[in-house]
Every structure is written in structure tokens, then in C-alpha cells.
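J.:
Protein chains in written order, with our numbering: chain A, 16 to 296; chain B, 16 to 296.
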């Protein structure tokens, strides 16, 4: 992979990386298109990273339609698809022994316990460790991440800044279905009823955005209005609904300087996330 | 620094990095000379890294003879000296706030608590974090480390392997004074009496090497012989004397497959380390 990466970017050429877990949808493809527009060559990694899943999460059933993914990426004109096995990514130490988990971890201490990191202990440590590995293997100039995983984006930006990674991070907007549901590989888990119930995530965010646009600045009131939408949708269990600083993920009291409104909820056993950025006023 | 690094290695050229804390001696210069022999360009970093010092250690009094160091490196034909301030290395997050310690840590979990990591909690986490940063800033093809810091070398090798850093690690042999004392910036702390007492470290290692060469394979017996030298030198307080696998730092029972004999001891308040590698037989 490293040799292929070097071949793709002779002096002065920019290589873009889109790290994914596969099961590609229009959200991923928007990242690929942004990469193609901004870079000379584009690599996409497909790796369902076990270290970012908790013991009771959906690692085993996470969809892995590799041939379909590969064809989609070929149609998008991607130069290189990197789809390593778990053993290739984590398996060997100095070509000697095989281990289940790595000994070396990259951890962003003060962000990894917030939002999804609070609900999913160890999740962000798995993300930052595998993204570090992918950056070292592929050596991209730029990497593209979706704004949908807003907390992940904040954690990765902080890691790149703190550890001086020579990689530029570009965030791309959330891509939604026609009815507002944020694109997610996990939407495939939803049955027809759940698919409708899941719209409460987007509806709650739109309600907050509407109130903010109308002049409400008080984050406590805005969050209460967002949470109220979930009271009406009893089949969906709210995990968190928070209004925070998009960079530090700390709660804000007032949204005048801009804010991230982030929500996570369980529809059946499927955990979905969504968010909206409120602009500074 | 990154621009200078890129300028130093046009396509196909190898850049070597020698990371140091300054207060240079012949040990450091042997690393520089190895780098010059193996690379097209050589960068040396000088940074007394606060995150690898414990609260009661010698961070404040660690020698910082920068002008002398710079002149020595100039005479060695080094292409680039990188000597950032603590604020430049750890100070800013997204150009906003100044912090005392980083939020992002690189940790080699199963090695960081062994040997010096056991005596100096948090030490290796500081080392691996700053070395990650230096690798990302300088982007060397090869980095040179002294065998004297044998546990550090094992931790860094493991980190590079686990996180797929695109950097080759080269270890260089210990350089000694005429009487056997391993070169160390901390030798400057010793008065004339302590300077003589400090020879017990090397003497204990030579005793073990001699017994191993004579056929003794039992690590327990070998370690006991090494420790016995310290009983005779009561003014020196032994921290550890261990015979371990050089890669995993786990104790070995038998030295037939080769082993690392590592010692750390306090001479007055000065902590010194030394080691010898026993060859496989």
C-alpha cells in the first residue's frame, strides 16, 4: 500500500484519503467526490475496525458488501482501494506473534469521554489508533471525514493538531435522504416502521435550528425543545441530546458564538447519530 | 521545520533524524555519524521534553548548553538542527489556548511499565508522544537511537511497528569513557568520588558477561552475580538489575537465546542506566 501511495504522488502531487468502514452510501461518495476535486489522486480505505466497537455492539453484523463497494468506487474513478484484513492491521508484532488487540494506543484524553465517547467507552481510542495507522500506511496529504460523525471529527482534528500529523483534515457536510434522515450504513438495520420513527432525530435538530434562527440563544432552552420531540416518539430511546462547542465538545450556555447540536438515539437496537451546526450570530 | 525537511529530501533522498535532549557527548555524535553514513541528509533535534520527566526528577537542572551543542553539530556537518521551545511543541491547540500538557498521548501499554517505566511512571508515555510528534514534524526516513536507553529503544520499536510509522529505526552501540562508564549527559552531575563509584554499573555488567561467556545460562544466577557487585559498593543504590528479552522486556530464565542485561542505579541523587546484550549461543 505504501509503495502504491508513493507511486500515486510524485513530487508536488496531492493524495487524498477517504477512510471508511465500507457499506458505502451517498455520504461516503460525497467525500470521494470532494477528494477528487481537491487532490491529484484518491485512495479509499475500507476497514471495519474492531477496536472501535464495544463488546456488545454490532461488529459481527456490520454490513460488509465489499464487491458492491469496490464497484461504486471504481465508478467514482478512485485510484486505489485499501481493504486490509484485521490480521494485516493489528495482527503481527515484528513478524513474530499474533495478538487480538494492539499494545500501542493513541488517545485524545479530554475529548474521548464526551458525547459518543461517553456512551461508547473505548470507541474513540479505537478510532484514533486506527486512523493513525491508516495515515502512516497511506501517507495522504489530505483526509476527508463526514460532518455526521461530529465528535469523531473533533477528536481527529485534535489528534492531528496535538501530534503534528502532516495531514490536512477536510470535513464534508451531512448527506440526507429525501425525508431528512442522515445517511448511515446502519440505516440498513431499520425495518419500515423504525425507518419512519428514526426521522425524530432530524426533526429534533430542525426544531432547534428553527428556534435559534428565530432568536433563541439559551442552549438549555434549545436543548429542552429538541429533547421534547423524543417525548412524542416513545419507541425511540434518546442517548444524548447536547449543545456543545464543536471543537472542545464542552457544553455551551449560549449559542451566539455558534454551536454543535448533537443527538444520538436508539431506534430498536440500532444506534443512530445526527447533528447540526448553528452559525455564529 | 517541515518545509526545511522537505527541501532536504527530494525524491529518493534519505533523511536521517537523531532525536536528542542536547548536552551532547560522544554517544550522540556516534548517532550523528551513523546517520551521515547511511543518509543523504541529517537532522538533529534538541528538546528537553518535559512530559518524560516525573515531578521529582531533574527537568529544571538538566543541562542545556545550546551554543556548545550547535557548534558540535556544525562541526559534524549536520544539515539541520531543530530546537523548538516547549510552547512550540506542546503549547497551542488550534492556535487558541496554551496548555501545560498535551491532550493526546501515544502509549505502548505492555512495555511502558517495565524497567525504567516501572521506576519512572509516565516516562515512556512522554517519550513515545514526543517521538511521534518529532516524526510527524521532521518526517525522517530513518531515526537513530542509542542502545544505552535499551528499554526506550524497545518501546519505540514497538510503537513504530504497532502504528505503522513509515520510519526505520536504527540502534547504535553504547559509547563508553576509557574506564567503562557509559556516556550520559547526567554524568555531569557526578563529583569526583561519585564518578568512581558509578563504575559499579559497568563492572556488574562485565561480571555477568564474563560468566555467560564461561557457559552460565541461568538468568537468576547471572543476575545475582551482577547484583552482588552492588553489595560491595554501598554508596550506590540499585534501582533494578534485570535480565530480559530485548524486544518484550519480559524476564528470561535462560540466556541461550540471547538477552538484555539492564541496570539502573542512583549514585547520590543521579540516576544512571547501562546495559549489555548477551549474544545467543
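Each residue gets a CB set at the ideal place from its N, CA and C atoms; glycine is no exception.
(1) Within the 8 Å Cβ cut-off, does residue 113 of chain B reach chain A?
(2) Which residues in chain A have a C-beta closer than 9 Å to the C-beta of residue 152 of chain B? List them in chain order.
(3) Can you tell which of B:276, B:101, B:150 has its C-alpha closest to the C-alpha of residue 222 of chain B?
(4) Run down chain A in chain order and give the residues with a C-beta less than 7 Å from the C-beta of residue 147 of chain B.
(5) Residue 282 of chain A and residue 289 of chain A - do their beta-carbons sit closer together than 8 Å?
(6) Mind checking whether residue 185 of chain B and residue 155 of chain B have CB atoms under 8 Å apart?
(7) Is it true that the CB of residue 78 of chain B sits closer than 8 Å to the CB of residue 200 of chain B?
(8) Let me make sure I understand the geometry here. Which of A:165, A:172, A:145, A:163 has the alpha-carbon closest to that of residue 157 of chain A?
(9) Would you mind stating whether residue 241 of chain B and residue 219 of chain B have Cβ atoms separated by less than 8 Å?
(10) Nearest to residue 159 of chain A by alpha carbon, out of A:53, A:63, A:176?
(11) On the DSSP letters alone, give me the boundaries of the alpha helix (DSSP H) that residue 223 of chain B sits inside.
(12) In this structure, what does DSSP give as the bridge partners for residue 64 of chain B?
(13) At the level of alpha carbons, what is the spacing between residue 65 of chain A and residue 203 of chain A?
(14) Which bits of chain B does residue 126 of chain A rub up against, with CB to CB less than 8 Å?
(15) Check this for me: beta carbons of residue 96 of chain B and residue 152 of chain B, under 8 Å apart or not?
(16) When DSSP builds the beta bridges, which residues end up paired with residue 183 of chain A?
(17) For the beta strand (DSSP E) containing residue 254 of chain A, name the first residue and the last one.
(18) Closer than 8 Å by beta-carbon distance: list the chain A residues that pair up with residue 26 of chain B, in chain order.
(19) If I measure Cβ to Cβ from residue 261 of chain B and keep anything under 8 Å in the same chain, skipping five residues before and after, which residues do I get?
(20) Per DSSP, what kind of secondary structure is residue 56 of chain A in: helix, strand or coil?
(21) Check whether chain B comes within 8 Å of residue 174 of chain A, counting only Cβ atoms and requiring the distance to be less than that.
(22) Can you tell me the Cα-Cα spacing of residue 121 of chain A and residue 147 of chain A, whole angstroms?
(23) For residue 63 of chain B, count neighbouring Cβ atoms within 10 angstroms of its own Cβ and tell me buried if that reaches 16, exposed if not.
(24) Using 10 angstroms around the beta-carbon of residue 139 of chain A, count the other beta-carbons present and answer buried if the total reaches 16, otherwise exposed.
(25) Taking contact to mean at least 3 C-beta pairs separated by less than 8 Å, is the segment 249-260 of chain A in contact with the segment 45-59 of chain A?
(26) Rounding to the nearest angstrom, what Cα-Cα distance links residue 80 of chain A and residue 141 of chain B in this structure?
(27) Using a Cβ cut-off of 8 Å, which residues of the segment 41-65 of chain B contact any Cβ in chain A, in chain order?
(28) Three-state secondary structure (DSSP) at residue 263 of chain A?
(29) DSSP on residue 5 of chain B, reduced to helix/strand/coil?
(30) With DSSP as the reference, label residue 84 of chain A as helix, strand or coil.
(31) Report the residue from A:225, A:239, A:249, A:235 whose alpha carbon sits nearest the alpha carbon of residue 213 of chain A.
T.: Let's see:
(1) The residue labelled residue 113 of chain B in the question sits at position 98 within the second chain. Unreliable positioning characterises residue 113 of chain B in this predicted model, as indicated by a pLDDT of 40, which lies under 50. A coordinate reading is not provided.
(2) In the second chain, the residue the question calls residue 152 of chain B occupies position 137. Those within 9 Å of residue 152 of chain B in chain A are 179, 181.
(3) Within the second chain, residue 222 of chain B is the residue found at index 207, counting from 1. Measuring from the Cα of residue 222 of chain B, the nearest candidate turns out to be B:276.
(4) Locating residue 147 of chain B in the second chain gives position 132, where the first residue counts as 1. Correct list: 178.
(5) Looking up residue 289 of chain A in the first chain gives position 274. Looking up residue 282 of chain A in the first chain gives position 267. Against a cut-off of 8 Å, the Cβ pair of residue 282 of chain A and residue 289 of chain A comes out as no contact.
(6) Here residue 185 of chain B corresponds to residue number 170 of the second chain, with the count starting at 1. Here residue 155 of chain B corresponds to residue number 140 of the second chain, with the count starting at 1. Not in contact: residue 185 of chain B and residue 155 of chain B (Cβ atoms no closer than 8 Å).
(7) Locating residue 200 of chain B in the second chain gives position 185, where the first residue counts as 1. Locating residue 78 of chain B in the second chain gives position 63, where the first residue counts as 1. Contact: yes.
(8) Stepping through the first chain from its first residue, residue 157 of chain A is reached at position 142. Ranking the options by Cα distance to residue 157 of chain A, first place goes to A:172.
(9) By one-based count along the second chain, residue 241 of chain B stands at place 226. By one-based count along the second chain, residue 219 of chain B stands at place 204. Going by C-beta atoms, residue 241 of chain B is nearer than 8 Å to residue 219 of chain B.
(10) To locate residue 159 of chain A, count along the first chain from 1; it is residue 144. Cα-wise, what sits closest to residue 159 of chain A is A:53.
(11) Reading the second chain from its first residue, position 208 is the one you call residue 223 of chain B. Per DSSP, residue 223 of chain B belongs to the alpha helix (DSSP H) from 214-228.
(12) Along the second chain, read from residue 1 onward, the residue named residue 64 of chain B stands at position 49. Per DSSP, none; premise fails for residue 64 of chain B.
(13) Reading the first chain from its first residue, position 50 is the one you call residue 65 of chain A. Reading the first chain from its first residue, position 188 is the one you call residue 203 of chain A. So the two alpha carbons sit approximately 20 Å from each other.
(14) As a position in the first chain, residue 126 of chain A is number 111, starting the count at 1. Residues of chain B passing the Cβ test: 118.
(15) In the second chain, residue 96 of chain B corresponds to position 81, counting from 1. In the second chain, residue 152 of chain B corresponds to position 137, counting from 1. Result no, Cβ atoms of residue 96 of chain B and residue 152 of chain B do not sit closer than 8 Å.
(16) The residue you call residue 183 of chain A lines up with position 168 of the first chain. The partner list for residue 183 of chain A (beta bridge, DSSP) reads A:157.
(17) Position 239 of the first chain, counted from the first residue, corresponds to residue 254 of chain A. Segment 251-259, the beta strand (DSSP E) holding residue 254 of chain A.
(18) As a first step, residue 26 of chain B is located in the second chain; it is residue number 11 there, counting from the start. Within chain A, the residues near residue 26 of chain B are 25, 26.
(19) In the second chain, residue 261 of chain B corresponds to position 246, counting from 1. Excluding sequence neighbours, residue 261 of chain B sits near 165, 169, 273, 274, 275, 292.
(20) Position 41 of the first chain, counted from the first residue, corresponds to residue 56 of chain A. Strand.
(21) One-based indexing of the first chain puts residue 174 of chain A at position 159. Chain B, which has a Cβ nearer than 8 Å to the Cβ of residue 174 of chain A, makes this yes.
(22) Position 106 of the first chain holds residue 121 of chain A. Position 132 of the first chain holds residue 147 of chain A. Roughly 8 Å between the two C-alpha positions.
(23) Here residue 63 of chain B refers to the residue found at position 48 of the second chain. Residue 63 of chain B is buried by the Cβ-count criterion.
(24) As a position in the first chain, residue 139 of chain A is number 124, starting the count at 1. Residue 139 of chain A comes out buried.
(25) no
(26) The residue given as residue 80 of chain A occupies position 65 in the first chain. The residue given as residue 141 of chain B occupies position 126 in the second chain. If I take the Cα positions, the gap works out to 41 Å.
(27) none
(28) Numbered from 1 along the first chain, position 248 holds the residue referred to as residue 263 of chain A. Here residue 263 of chain A sits in coil by DSSP.
(29) It is not possible to answer for residue 5 of chain B, since the shown part of chain B is limited to 16 through 296.
(30) Here residue 84 of chain A refers to the residue found at position 69 of the first chain. Helix, per DSSP.
(31) Position 198 of the first chain holds residue 213 of chain A. The option with the nearest alpha carbon to residue 213 of chain A is A:249.
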